[in-house]
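Engineer: Okay, here's the structure, questions in a sec.
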């Protein structure tokens, strides 16, 4: 296996602690498969299979294990979030496309990336499966042992070999502490689950029921809709008005919390690695400057043009280093704010869909395809993480270029006593832009004053869209035609620049499209977002869930009120159903002996004689004896029926 820029293994040439995280990842597949098999054995199947009849001991076992519900489940959200955090280091490894389990040609790397992703997913599968299994004791024990192994190996590798190629002596502690913290939290969570399972077994604590179909916050949301509008209005604080207003009637699903945690941890790792690599690059640039200075001194190249390069290179290194550091901070804060803003937009868009409002979406997305929406659930988390990482890099680079532009156009001229020239150029630019804006504003003012009819009512906010002084307007339009041709060029360039800046700034915002109206389908990220929120809308609308909850409650109430002895309303159970059927057949035959001859029998052999077999003889004798006994003991003449059947009635208790 090959890893490029491995943040885990560090410098294996200088440190050998006897642990290879690559080998440990491979070996962890064995206990992971074992845990999956054990949990699958305890998981009951909903239907019987052909294997159940062949191996009765396995009847009902080996059901499908669900690691986590990314759609409807709202329990253990933070536990799943920390489980995602424990996976973050491997997710970042997959993001860097440096995880190659084996060497392959370049054209086959896509398949190898898929194999690597499946291997990583299988290795971390027990974390999620042990949290979600209904068999708490088994899941807690297996999850505790598996997590403990990961904690011990990761801590040992981090403590004994902390150095790395990127950050130096303390690379692993700096990069791995979020992952270790999440693993320790999972360890404590499994201990809590195990203790609780033991207390329930000892009857010291009551067992928790299954997750309710309708959550309390959904009930409160429906109640708030039915309450008067005056009661819904609450006084909000400054933080709620300006920064973030939390909603007690809304909960984010596991998918959104896990995606946000991995994005934040990934941004932390990306920022630290970015700063370290940039510091190394600028140090190399300083070494190049010193080498040029030594070259000039040794060979006395005072008249060579290279002499002028040294101060310029030194100035560029100083400006670029400061600009890169400043933009690293701003890009990180921007990406972190986007991560939280996406959560706010998710809640806002869902609540609009719950209210039946679709105007904020493009018209072509008002009824997305069902298959596209369900597939978007699987794509969203991975795409959001990738968009966040790449968006940070792109935003950082654009901000760095903008910072260099400001430094060389404003800051450096002021430092080099070029303030007058700089102010002259700045004044020229501002004057030009001001005149352009003034002339555009003048056109609007002239039209508003002279070429629109008066207001119909004094209370109207603006004049009606009706021309006045048409002859003067035609002359106004004619003379400004030539000027607007010149203005169109500058506005076209400005439009292009603003589109590039805004599109680059919003590249990591998957909840917004960076394409023009009518071309939203060319933005796959935005299409994924639309499909995801529609899938959550259809599966998690509180009003719809409340309606289904009322229907189920009414049905359950009717079943409870029905008589317990009604053979038509009661659902037959699988236990003892065969014995009950046999008893009913026996009782029917006792009441109607002639039916014995009409029963279907299995052929005993292919060479059986055409006459009666001994079993048929016995059956016939029994039938005659029973019929004679029935006739002798009958007090009334039986009512004749077709085929000689006297009374075909099963016994009813």
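In our numbering, the protein residues as written are 84 to 736.
Every residue, glycine too, gets a C-beta built ideally from N, C-alpha and C.
None of the values given here were measured: they were computed from a predicted structure.
Here's a check: name, in chain order, each residue in its chain whose Cβ is nearer than 7 Å to the Cβ of residue 533, leaving out the five neighbours to either side.
Structural biologist: The answer, listed in chain order, is 552 and 555.
Engineer: If residue 30 and residue 207 are in contact, beta carbons under 8 Å, what's the gap, nearest whole angstrom?
Structural biologist: Because the chain is modelled from 84 through 736, residue 30 falls outside the range shown and cannot be assessed.
Engineer: Should residue 311 go down as buried or exposed, given a rule of 16 or more other Cβ atoms within 10 Å for buried?
Structural biologist: The residue is exposed, with fewer than 16 neighbouring Cβ atoms inside 10 Å.
Engineer: In three-state terms, what does DSSP make of residue 384?
Structural biologist: The answer is coil: DSSP assigns residue 384 none of H, G, I, E or B.
Engineer: Would you kindly check if the distance between the Cβ of residue 613 and the Cβ of residue 436 is under 8 Å?
Structural biologist: In this structure, residue 613 does not lie closer than 8 Å to residue 436 by Cβ.
Engineer: If you count every other CB in all the chains shown that lies within 10 Å of the CB of residue 691, and 16 or more means buried, which is it?
Structural biologist: The predicted model places residue 691 with a pLDDT of 44, which falls under 50 and marks its position as unreliable, so this point remains unresolved.
Engineer: Tell me the rounded alpha-carbon separation between residue 660 and residue 668.
Structural biologist: So the alpha carbons of these two residues sit roughly 12 Å apart.
Engineer: Distance check for residue 479 and residue 37, CA to CA, integer angstroms please.
Structural biologist: Because the chain spans 84 through 736 in this model, residue 37 falls outside it and cannot be assessed.
Engineer: For residue 525, which three-state DSSP category applies?
Structural biologist: If DSSP states are grouped into helix, strand and coil, residue 525 belongs with the helices.
Engineer: DSSP three-state label for residue 601, please.
Structural biologist: Reduced to three states, the DSSP call for residue 601 is coil.
Engineer: If contacts are defined as beta-carbon pairs under 8 Å, then residue 165 and residue 268 qualify, I think. What distance do you get, rounded to the angstrom?
Structural biologist: Contact holds; Cβ gap of about 5 Å.
Engineer: Leaving out five residues on either side along the sequence, give the residues of the same chain with a beta carbon under 6 Å from the beta carbon of residue 265.
Structural biologist: Result list for residue 265: 165, 168 and 169, in chain order.
Engineer: Quick one: what's got a C-beta closer than 8 Å to residue 409's C-beta in the same chain, skipping five residues either side?
Structural biologist: Once the five neighbours on either side are set aside, the close Cβ partners of residue 409 are 486.
Engineer: Taking only the alpha-carbon atoms, compute the straight-line gap between residue 108 and residue 154 and give it to the nearest angstrom.
Structural biologist: Roughly 29 Å separates the two Cα atoms.
Engineer: Given the structure, does residue 176 come close to the ligand ADP, in the sense that its CB is under 7 Å from one of the ligand's heavy atoms?
Structural biologist: In terms of ligand content, the structure shown is empty, and the ligand ADP therefore cannot be addressed.
Engineer: Quick check: the stretch 379-386 against the stretch 337-348, are at least 3 beta-carbon pairs closer than 8 Å?
Structural biologist: Contact between the stretch 337-348 and the stretch 379-386 is absent, because fewer than three Cβ pairs lie under 8 Å.
Engineer: Could you give the DSSP three-state label for residue 439: helix, strand or coil?
Structural biologist: If DSSP states are grouped into helix, strand and coil, residue 439 belongs with coil.
Engineer: Would you mind reading off the limits of the alpha helix (DSSP H) that contains residue 675?
Structural biologist: From DSSP, residue 675 is part of no alpha helix (DSSP H); its letter is neither H nor E.
Engineer: Please say whether residue 415 and residue 342 have beta carbons closer to each other than 8 Å?
Structural biologist: No, the Cβ-Cβ distance between residue 342 and residue 415 is not below 8 Å.
Engineer: At which residues does the alpha helix (DSSP H) containing residue 587 begin and terminate?
Structural biologist: First-last of the alpha helix (DSSP H) with residue 587: 553-588.
Engineer: In three-state DSSP terms, what is residue 497?
Structural biologist: In this structure, residue 497 counts as helix in the three-state DSSP scheme.
Engineer: Measuring CA to CA, which of 454, 474 and 509 is closest to residue 586?
Structural biologist: Here the closest residue by C-alpha is 474.
Engineer: Cutting at 8 Å between CB atoms, please list the residues of its own chain near residue 378, excluding the five before and the five after it.
Structural biologist: Only 384 and 389 meet the Cβ criterion.
Engineer: From residue 531 to residue 497, what distance separates their C-alpha atoms?
Structural biologist: Rounded to whole angstroms, residue 531 to residue 497 spans 44 Å at the Cα level.
Engineer: Sorted by chain position, which residues of the same chain lie with C-beta nearer than 6 Å to residue 597's C-beta, five sequence neighbours on each side aside?
Structural biologist: Same-chain partners within the cutoff: 586 and 589.
Engineer: Which two residues bound the contiguous alpha helix (DSSP H) that contains residue 263?
Structural biologist: 254-284 is the span of the alpha helix (DSSP H), which, as asked, contains residue 263.
Engineer: According to DSSP, what are the bridge partners of residue 251?
Structural biologist: In the DSSP output, where bridge partners are listed per residue, residue 251 has 247.
Engineer: Pull up the distance between the alpha-carbon of residue 606 and that of residue 447, whole angstroms please.
Structural biologist: Rounded to whole angstroms, residue 606 to residue 447 spans 13 Å at the Cα level.
Engineer: Could you check how far apart the C-beta atoms of residue 337 and residue 152 are, in whole angstroms? I think they sit under 8 Å.
Structural biologist: The pair is a contact, with the Cβ atoms about 7 Å apart (cut-off 8 Å).
Engineer: Take residue 163 as the anchor and find which of 175, 569 and 215 has the nearest alpha-carbon.
Structural biologist: The residue with the shortest Cα to Cα distance from residue 163 is 215.
Engineer: Roughly how many whole angstroms lie between the Cα atoms of residue 93 and residue 238?
Structural biologist: Its pLDDT being 40, under 50, residue 93 is placed unreliably by the model, and the measurement read from it follows with that caveat. When rounded, the distance between both Cα atoms is 14 Å.
Engineer: Determine the DSSP secondary structure at residue 108, reduced to helix, strand or coil.
Structural biologist: The answer is helix: DSSP assigns residue 108 an H, G or I state.
Engineer: For residue 303, which residues of its own chain have a beta-carbon under 8 Å away from its beta-carbon, when the five flanking residues on both sides are left out?
Structural biologist: Here the set comprises 331 and 332.
Engineer: Can you say whether residue 202 is buried or exposed, counting buried as having 16 or more other CB atoms within 10 angstroms of its CB?
Structural biologist: Answer is buried; the Cβ neighbour count reaches 16.
Engineer: Below 8 Å on the Cβ atoms is my contact criterion, and I expect residue 230 with residue 270 to pass it. Report the Cβ-Cβ distance as a whole number of Å.
Structural biologist: Their Cβ separation, rounded to whole angstroms, is 5 Å, which keeps residue 230 and residue 270 in contact under 8 Å.
Engineer: Report all residues from its chain with a CB closer than 8 Å to the CB of residue 392; omit the five preceding and five following residues, and keep chain order.
Structural biologist: 375.
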